[in-house]
Amino acid sequence: MIRQNRDEISINTDVEKRFWEKVDIRSNEECWNWTAGKQSKGYGSFGIGNGKTALAHRVAYELTYGEIPEGLCVRHINHNKLCMNPSHLRLGTIADNNRDMVEAGRQAKGMKNGRSKLIDEYIVLMRSDFQAKEKTIKELAEEYDIHYNTARNAIQGKTWKDLPLAE
Ligand SMILES: [Zn+2]
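Per our numbering, the sequence shown starts with residue 41, numbered consecutively.
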């Protein structure tokens, strides 16, 4: 039993070492960027064996704070998807995360590369749900957990002008 625990500990230490070697560790105030592979949505990707990968920021969170409760996600408080600085990571709900991304997109308006494909997808989805009369602006704002005005401006095309308006 003791022997088994020792093995687990050495495996964990090994993963931890391998993980942090891929992070550009800086001062606590700065972002610690992931230097290895990315997955399709621009998040860091970390190999966990058997050809499987995990989202790197989730690994950073778990190595520092322990297991992520089921159904919760790890948010980047400064919207930097590649940041692994544990003090920049927070637990949140999926709705929190959606709001972060939509708000980040609003701030990055005009800065094309500051915006993720995912936000674009959300905006297009909100517009088409609204046009199809499936949902009201209020319902959509609640669903994405964003401010009513943010949702209304996005749906009416006052923001994200370069994205298609639903017909
Ligand atoms: Zn950061």
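Think of the CB as a built atom: it goes at the ideal place given N, C-alpha and C, for glycine as much as any other residue.
Contacting residues, own chain, Cβ-Cβ under 8 Å from residue i (five flanking each side not counted)
i	result
SER127	ASN68
beta-carbon residue i near ligand 1 non-hydrogen atom, thresh 7 Å
i	result
ASN193	no
HIS128	yes
ASN68	no
ASN137	no
CYS71	yes
Helix, strand or coil at residue i according to DSSP, with G and I counted as helix
i	result
GLU66	Looking at the sequence provided, one finds Arg at residue 66 rather than Glu. In the structure shown, ARG66 sits in coil (DSSP, three-state: anything other than H, G, I, E or B).
ILE195	helix
ILE88	strand
Cβ-Cβ distance between residue i and residue j below 8 Å
i	j	result
TRP74	ALA96	yes
ILE195	ILE177	yes
ARG115	TYR184	no
Where the beta strand (DSSP E) through residue i begins and ends
i	result
MET116	Inspection of the sequence shows that residue 116 is occupied by His rather than by Met. 113-116 is the span of the beta strand (DSSP E), which, as asked, contains HIS116.
ALA94	92-95
LEU131	129-132
Contacting residues, own chain, Cβ-Cβ under 7 Å from residue i (five flanking each side not counted)
i	result
ARG66	TRP72
ILE88	ALA94
Boundaries (first-last residue) of the alpha helix (DSSP H) holding residue i
i	result
LEU180	177-184
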